[in-house]
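Respectively, the protein sequence lines represent chains A and B. The first sequence begins at 15 in the working numbering and counts up one residue at a time. The second sequence begins at 17 in the working numbering and counts up one residue at a time. Here is the structure we will look at, set down as structure tokens.
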Amino acid sequence: MQRDKFFKEIENVEHPNEKLIKTHCSYCGMQCGMNLRVNTATNKIIGVEPRYDWPVTVGKMCPKGVTAYQQTNHKDRILRPLIRDDASLKGTKEGFREASWEEAYDLIAEKFGELQQNYGKDSLSVFSGVSMTNEKCYLTGKFARVALGTRYIDYNGRFCMSSAAGGFLRSFGVDRGSTLPWTDIHETDCLFIAGSNTAECHPTSMFRIWNVQERGGYIIVVDPRETPIARRADLHLDLKPGTDLALANGIVHLLVEKGYADEEFVNQHTNGFEETKELVKQFTPEYTSHLTGVAPEKIERAAEIYGKAPNAVVMFARGIEQQHKGVDNVSGYTNMALVTGKIGRPKSGVATFTGQGNGQGGREHGQKSDLLPGYRKITNPQHVQEVCNVWGITPEEMPKAGVSAYEMFELMDQKQIRGLYLLCSNPAVSAPNLNFVRNAMKNLDFMVCADFYLSESAEFADVILPSVTWSEDEGTVTNIEGRIIKINKAQEPLGESKPDWQMQVELAERLGKGENFAHLKTAKDVAEEFRLASKGGSADYYGATWDKIEKQDGVFWPCKDEGDEGTPHMFLDKKFYHPDGKAQICALPYRPPAEEPCEEYPLRLTTGRVVYHYLSGNQTRRIQFLKDMCPEPYVEVHPETAGKYNMEHDERIRLYTRRGEAIYKVKVTEAIRKDTVFVPYHFGHEESINLLTIPALDPKSRMPEFKACAAQMEKLEPKKVL
Amino acid sequence: MKKRLYIELENCIGCRSCLAACTQCGGHEERNRNYVYDVNPHVNRQTMPLMCLHCENPACARSCPAQAIQIHETGAVLSALVEKCIGCQNCTIACPYGIPKFDEEQNLMYKCDLCIDRTKDGIPPMCASVCPSNTLQWLTEEEIEQKQRRHDLDNDKWVTSMPYLEGATNVKVNLPGILQGTEKLF
Ligand code: SF4
Chain A
15 MQRDKFFKEI ENVEHPNEKL IKTHCSYCGM QCGMNLRVNT ATNKIIGVEP RYDWPVTVGK
75 MCPKGVTAYQ QTNHKDRILR PLIRDDASLK GTKEGFREAS WEEAYDLIAE KFGELQQNYG
135 KDSLSVFSGV SMTNEKCYLT GKFARVALGT RYIDYNGRFC MSSAAGGFLR SFGVDRGSTL
195 PWTDIHETDC LFIAGSNTAE CHPTSMFRIW NVQERGGYII VVDPRETPIA RRADLHLDLK
255 PGTDLALANG IVHLLVEKGY ADEEFVNQHT NGFEETKELV KQFTPEYTSH LTGVAPEKIE
315 RAAEIYGKAP NAVVMFARGI EQQHKGVDNV SGYTNMALVT GKIGRPKSGV ATFTGQGNGQ
375 GGREHGQKSD LLPGYRKITN PQHVQEVCNV WGITPEEMPK AGVSAYEMFE LMDQKQIRGL
435 YLLCSNPAVS APNLNFVRNA MKNLDFMVCA DFYLSESAEF ADVILPSVTW SEDEGTVTNI
495 EGRIIKINKA QEPLGESKPD WQMQVELAER LGKGENFAHL KTAKDVAEEF RLASKGGSAD
555 YYGATWDKIE KQDGVFWPCK DEGDEGTPHM FLDKKFYHPD GKAQICALPY RPPAEEPCEE
615 YPLRLTTGRV VYHYLSGNQT RRIQFLKDMC PEPYVEVHPE TAGKYNMEHD ERIRLYTRRG
675 EAIYKVKVTE AIRKDTVFVP YHFGHEESIN LLTIPALDPK SRMPEFKACA AQMEKLEPKK
735 VL
Chain B
17 MKKRLYIELE NCIGCRSCLA ACTQCGGHEE RNRNYVYDVN PHVNRQTMPL MCLHCENPAC
77 ARSCPAQAIQ IHETGAVLSA LVEKCIGCQN CTIACPYGIP KFDEEQNLMY KCDLCIDRTK
137 DGIPPMCASV CPSNTLQWLT EEEIEQKQRR HDLDNDKWVT SMPYLEGATN VKVNLPGILQ
197 GTEKLF
């Protein structure tokens, strides 16, 4: 149990006729501890009480967390299966009628059967998400491969964590989002934070982060915008969107040149140093400044602070990862830690701020097009055999690797994929190049969507299956640190809604695969099978039993057996996960963003988040408090730029790129580069900034470049006065 | 051990979790009673909470013609007593910070009561419980003194009472400047 100076023994307030259910937030990777207040007469969730005894967040919650409980009994909940008979209404909210589960399942089995009969097994696809438990994520992978028998399964982590995963796998040979527990963070001497709007996206990290400065340590922030954390940072490197790799190379060059490299560590525990040293030589402060727009002195100062710091943590998030060189950016910044040996010990390391609640666990257990449980590869016959043994199928029956999330929409467009089972995701808002993606969904022969609200994506479905919110089921989630934690059930499912795992078990039966699924009667049953399926993989959860999670305040993977307490700190033995036990320092040639500004599109458009909304906003836009705080998107513009375009604060303007356009209110602020505009992405329909974003994919992670493309804006025609 | 609300202004990140959490206190009827302001929104992202400071000699209570505003033994200046409040709004005008809010429908003033059903038992108020940035903290006198010793550089940066605020307050505030006087580690 890691209890630190922020931990205080505080009793909870329990009101009469209420009980408290310990659990965690439904939203981001912080997975803040919370108690849900349940009325003991109605057995309904009615509020929230801090969970002071959760060691990571000690009672703290952001406004999303405080109001998360309002999702469960919300008036917008879908309470019964919905069927739409008139396909011409696709893309609208219209035409749905209530149906029984029997009718919905029958229709799905019939339509999916027809499609596979006519167009082959792979005409179906599953698009999933990671804002749900490991048990659900695991079973979704099995459902796609065993029940549907299709190769096409992928998930929204491709729009979120896949670059971090790719970078860590290349650098360390293993992808655990943080090499150290969060309870170390305030004790380090320097935080180097790139592309993370931490105060808005992972707010409950902030009390630890600020404490680094209070202790006399340093915070260095890399961001095109002066976000709340950048405002107070010791150093703000205000780079042009999409130029991170140049900055990383520039800093690594200075670390080497100024003698901050740890030669002993480099020699004994890494490969690739010499090539990297050669490659980064050209990234002098001046050249790096030329590429990134950051003043050379700032780059030098950043290298000096990081280099001198006895302990330091390199942290990053979607800002560097959602680029068409996201994987290189991750390995590039990770190089800083490897070159200086600031890794593999307490208070030093590398961490990505995991976006979704289960962004870590959900990517490890087989929802990715080429992965099987335990981070096994579907292309590795040995791995396939191991999983087949648990699933009760033969290796011949295991489908091959599929394609990434965005590429699935391309296959839909080409009519190779004709059916879709969508769950836990809202790609009609969160995917890039939405005109194309929405059209691809609209033209599907048959689409099922499991959700608890009628999302923008559900508007394209033929059948909607009502799923439950997080607090109506139980299971495990792997948080930002790599700590496996337990989500508890606080209320029975509302209406006729069901957890996703249960729908999949029941559907599998309809599809003739009952024998592989029928034994899974509870979430716990799924958990037991899942632990077994992960056993022996690099993300080994076998030893992480629910009892141990409860007893230890979570279990850090890897956790191989009953006696293993888990692994809060990675690489303490300086053993990395590549076959030779060494980490890889990567020589990474710089590439500019896929689309650079030009005469026609002179602005750099970047996208991101606000503290009041989560992902596509399907949940948070329905919560009154959050909606009041941020009801609509806007475009942030520097006053000088606004002046050039003759635009005023709050004026509605047209923003457009080669792919699409939208109308936004201008928010004039000096807290952004003059060459850059920013729009938050949580909004639907014609307000979605992803109508404009570019689907340039990272060659390894297949992550789209949400963070940089070329744009232009113009004033709206003044309304004709009659 | 007596604890106080302590405000470290420079920590504020503007998340407004304190506003959301305020609605969760048992006695608050799901209405929040505090404020968070953007200090200079066209220039930067600086924000600050504005909370009731629970003055030792509160102007709101002094101005109330109906004695509707009681002071709890802990020092918390309570919300108006429903049966006494006449809805005159003197308190809002008298308060140097405009803290008391007014419910038009009920013709009733309501304000921060420092989550009295929590703080009377030493449990932190909701706002300080959830505050992700440690802008709002619930500290012992001793902890507050430590902070004061650390931050009081005789340069007007440490502000807890006279002559800076209207009077002595139960809530202690450190104005922006938390990092002044911090010695860098290296
Ligand atoms: S959204 Fe994230 S930071 Fe906010 S309360 Fe939930 S888990 Fe914590």
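C-beta: ideal position from N, C-alpha, C; glycine also. What you are looking at is a predicted structure, and each value in this text was computed from that prediction instead of being measured.
Original post:
Just checking my contact of I334 (chain A) with A208 (chain A) at CB under 8 Å: how many whole Å lie between their CB atoms?
Top reply: 5 Å
**OP:** Output, in chain order, the set of chain A residues within a Cβ distance shorter than 7 Å of Q105 (chain B).
**Re:** Under the 7 Å cutoff, chain A gives no residues; its nearest Cβ is about 24 Å from Q105 (chain B).
Original post:
Hey, out of A:D689, A:L640, A:G631 and A:E421, whose CA is closest to R716 (chain A)'s CA?
Top reply: A:E421
Original post:
Is the closest heavy atom of the ligand SF4 to the C-beta of K737 (chain A) under 7 Å?
Top reply: Only positions 15 to 736 of chain A appear in this structure, which leaves residue 737 (chain A) out of reach.
Original post:
Looking only at its own chain, which residues have a Cβ that is under 7 Å from the Cβ of C28 (chain B), when we skip the five neighbours before and after it?
Top reply: T63, M64, P65, S149 and T151
**OP:** Please state if the CB of L121 (chain A) and the CB of V140 (chain A) are separated by a distance shorter than 8 Å.
**Re:** no
**OP:** Check whether the Cβ of K150 (chain A) lies closer than 7 Å to any heavy atom of the ligand SF4, and answer yes or no.
**Re:** no
Subject >> K188 (chain B) versus P238 (chain A) - alpha carbon distance >> reply: 36 Å
**OP:** Decide if Y41 (chain A) is buried, meaning its Cβ has at least 16 other Cβ atoms within 10 Å, or exposed.
**Re:** buried
**OP:** Select from A:L434, A:T193, A:V72 and A:A244 the residue whose C-alpha is nearest the C-alpha of D18 (chain A).
**Re:** A:V72
Original post:
Nearest chain A C-beta to H58 (chain B) closer than 8 Å, yes or no?
Top reply: yes
Original post:
Would DSSP call D252 (chain A) helix, strand or coil?
Top reply: coil
Original post:
Using a threshold of 7 Å, is the CB atom of Y66 (chain A) nearer than that to any non-hydrogen atom of the ligand SF4?
Top reply: no
Subject >> Chain-ordered residues of the region 50-80 of chain A with a beta carbon less than 7 Å from chain B >> reply: G61, V62, P64, G73, K74, M75, C76, P77 and V80
**OP:** Return the residues of the region 515-547 of chain A that lie within a Cβ-Cβ distance of less than 8 Å from chain B, sorted by chain order.
**Re:** none
Original post:
Would the beta-carbon of M727 (chain A) fall within 8 Å of that of V691 (chain A)?
Top reply: yes
Original post:
So, helix, strand or coil for W115 (chain A), using DSSP?
Top reply: helix
Subject >> Within the region 324-376 of chain A, ranges of the alpha helix (DSSP H) (whole runs, at least 4 residues) >> reply: 332-335 and 340-354
Original post:
Where does G264 (chain A) fall in DSSP's three states?
Top reply: helix
**OP:** Using a Cβ-Cβ cut-off of 8 Å, state whether Q227 (chain A) counts as contacting chain B.
**Re:** yes
**OP:** Take the Cβ of L93 (chain A) as the centre, count every other Cβ of all protein chains shown within 10 Å, and call the residue buried at 16 or more, exposed below.
**Re:** exposed
Original post:
In whole angstroms, what is the alpha-carbon distance linking A454 (chain A) and P709 (chain A)?
Top reply: 14 Å
Subject >> Residues from the region 140-152 of chain B in contact with chain A, defined by Cβ distance under 7 Å >> reply: P140, S145, V146, C147, P148, S149 and N150
**OP:** Please compile the residues from chain B whose C-beta is within a distance smaller than 7 Å of the C-beta of V625 (chain A).
**Re:** C31
Subject >> Q399 (chain A) burial status per 10 Å Cβ neighbour count (16 or more: buried) >> reply: exposed
Original post:
Three or more beta-carbon pairs under 8 Å between the region 164-180 of chain A and the region 374-382 of chain A, yes or no?
Top reply: yes
Original post:
The alpha helix (DSSP H) spanning A464 (chain A) covers which residue range?
Top reply: Careful: A464 (chain A) lies outside any alpha helix (DSSP H), inside the beta strand (DSSP E) at F460 to D465.
Subject >> Amino acids of chain B, ordered along the chain, whose beta-carbon sits closer than 7 Å to that of F737 (chain A) >> reply: Outside the shown range of chain A (15 to 736) lies residue 737 (chain A), about which nothing can therefore be said.
Original post:
Got a sec: which bits of the region 640-659 of chain A sit with their beta carbon under 9 Å from any beta carbon on chain B, in order along the chain?
Top reply: L640, M643 and P653
Subject >> Chain-ordered chain A contacts of G91 (chain B) [CB-CB under 8 Å] >> reply: In chain order: nothing, as chain A lies at least about 20 Å away.
**OP:** With hydrogens ignored, establish whether the beta-carbon of P28 (chain B) is closer than 7 Å to any heavy atom of the ligand SF4.
**Re:** The residue asked about is misnamed: residue 28 (chain B) is Cys in this sequence, not Pro. No.
Subject >> Beta-carbon gap between H699 (chain A) and S630 (chain A) smaller than 8 Å >> reply: no
Original post:
From A:I703, A:G528 and A:P441, pick the residue whose C-alpha is nearest to that of R172 (chain A); which is it?
Top reply: A:P441
**OP:** Compute every distance between the C-beta of C39 (chain A) and the non-hydrogen atoms of the ligand SF4, then say whether any falls below 7 Å.
**Re:** yes
Original post:
Cα-Cα, which of A:A309, A:G230 and A:V294 is closest to A323 (chain A)?
Top reply: A:G230
**OP:** Give the range of the alpha helix (DSSP H) segment to which L479 (chain A) is assigned.
**Re:** Careful: L479 (chain A) lies outside any alpha helix (DSSP H), inside the beta strand (DSSP E) at V477 to P480.
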